[in-house]
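Take a look at the structure set out below.
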Amino acid sequence: MNDFSNIINWDNVFKQSENFKTNQPCKFAFIENFFHEDFYNKLYNSYPKFDDSWDHIVTYDKNHWSKKWAGTTTHGIVQDDDDNSLSHEWNTLKKYASTKEFTENFKKFSNASVEKLKHFHFIGMSQGGFQLPHVHNVGPSTLVMMLYFSKNWTKGDPGATYIASDLDESSILFEPYNLDNTLVIFQDSQYAIHGARYLEKDVKRKALQITLEGWSPELGWSGGDPDKIIEERSKNLVEL
Ligand SMILES: [Fe+2]
118 MNDFSNIINW DNVFKQSENF KTNQPCKFAF IENFFHEDFY NKLYNSYPKF
168 DDSWDHIVTY DKNHWSKKWA GTTTHGIVQD DDDNSLSHEW NTLKKYASTK
218 EFTENFKKFS NASVEKLKHF HFIGMSQGGF QLPHVHNVGP STLVMMLYFS
268 KNWTKGDPGA TYIASDLDES SILFEPYNLD NTLVIFQDSQ YAIHGARYLE
318 KDVKRKALQI TLEGWSPELG WSGGDPDKII EERSKNLVEL
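Sequential numbering from 118 applies to the sequence shown in this note's numbering.
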C-alpha cells in the first residue's frame, strides 16, 4: 500500500476554497506551501532536467518545453504507467493524483464535477518562453492546475501563468511571483483566460500541469477526447 498522507498540505488548500468559489470573472486560487516541505524538497531536487527527453514547442502562440509522462497518449491523456526515468517521489505524486481521494478533495474544494486525472505533464520555460493569452472553454467540469518548482523568483517578473479578464496582457488580474512550492488552479469557462508573459531573463520556470476532468464510461471526457477531436477535425478539413 502506498502512504499518501505526507504529500499535500490539504489544510492550506481548503483555506482558499471560498476564495476560489467566489473569484470573478473565473474561479481561481493561488495556494502557497502546497506540498509538505520534506516531500516538496524531494520533488524539487529530482525535477527532470531540460534535455532531449523534452519537446521544445515553438508556435506563433507559445514557446515552452513539454515533457510527457511515460505512456501518455499522443495528445496528452495520461495512463496508469509509472515513469521509471523519474524519482520515487514523482511516481508517488502521480499515483496519488490518480486516486479517488485526490479528485474528491478538489471536487470539494471547487464544487466542479471532476471525476479523474486527465493530464499530468511537465511544462518548462526558459529565456524567450511565453504563451499568449487564451481560453480553452471546454466546459465547467475541468480544473487546470499549474504547480511550481522554481526558487528565488523576483517579484514582478514574467513567466508564470497569469489570469486575465480579456485576451490581452493589459487585462491581467493575477500573476504569481512565488513559484516555490505553489499552485495556481482555475476552473475552465469562457472567462478562464490565461497565459504567460515573455520570459526575458535567463532563468528556468519549472512547472507541472495537472488537469482533472469529468468522465463517464458512456460519454468519456466531459471536455472531449483530444485524440478523437483531432481525428474528427482532420476528417472535416476543407481545402481553402
Ligand atoms: Fe491553457
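The beta carbon of each residue, even a glycine, is placed where N, CA and C say it ideally should be. If you're wondering where the values come from, they're calculated on a predicted model, not measured in any experiment.
Here Leu325 is buried: its Cβ has 16 or more other Cβ atoms, across all protein chains shown, within 10 Å. When C-alpha distances from Pro343 are compared across Phe131, Gly193, Lys138, the shortest belongs to Gly193.
The stretch 293-307 and the stretch 261-270 touch, with three or more beta-carbon pairs separated by less than 8 Å. Residue pairing by DSSP places His173 opposite Trp182 in a beta bridge. Between Glu232 and Thr220 a beta carbon distance of about 6 Å is seen, short of the 8 Å cut, so the two are scored as contacting.
In this structure, His311 has its CB closer than 7 Å to one or more heavy atoms of ligand 1. Excluding the 5 residues flanking it on each side, Gly241 has same chain C-beta neighbours closer than 8 Å at Phe167, Trp171, His181, Trp182, Ser183, Lys184, Lys321, Arg322, Lys323, Ala324, in chain order. Per DSSP, the beta bridge partners of Tyr279 are Gly312.
Gly245 and Glu292 have their C-alpha atoms spaced approximately 18 Å apart. Cβ atoms of Leu260 and Phe237 stay farther apart than 8 Å, at about 13 Å. Within 7 Å of the C-beta of His192 there is not a single heavy atom belonging to ligand 1.
Its Cα nearest to that of Phe131, the residue Ala146 stands out among Ala146, Pro142, Glu317, Asp120. Closest in C-alpha terms to Thr189, from the list Tyr157, Leu234, Gly256, comes Leu234. Apart from sequence neighbours up to five positions away, the residues of its chain that approach Pro142 with a beta-carbon distance below 6 Å are Ser282, Tyr308, ordered along the chain.
Within the model, the alpha-carbon separation for Asn123 versus Ile280 is close to 30 Å. Remark: the C-beta of His253 is in contact range of ligand 1, defined as less than 7 Å to any heavy atom. DSSP places Glu149 in the uninterrupted beta strand (DSSP E) bounded by 145-149. By the neighbour-count definition (other C-beta atoms within 10 Å, threshold 16), Val175 is an exposed residue. Assigned with DSSP and collapsed to three states, Ser333 falls in strand.
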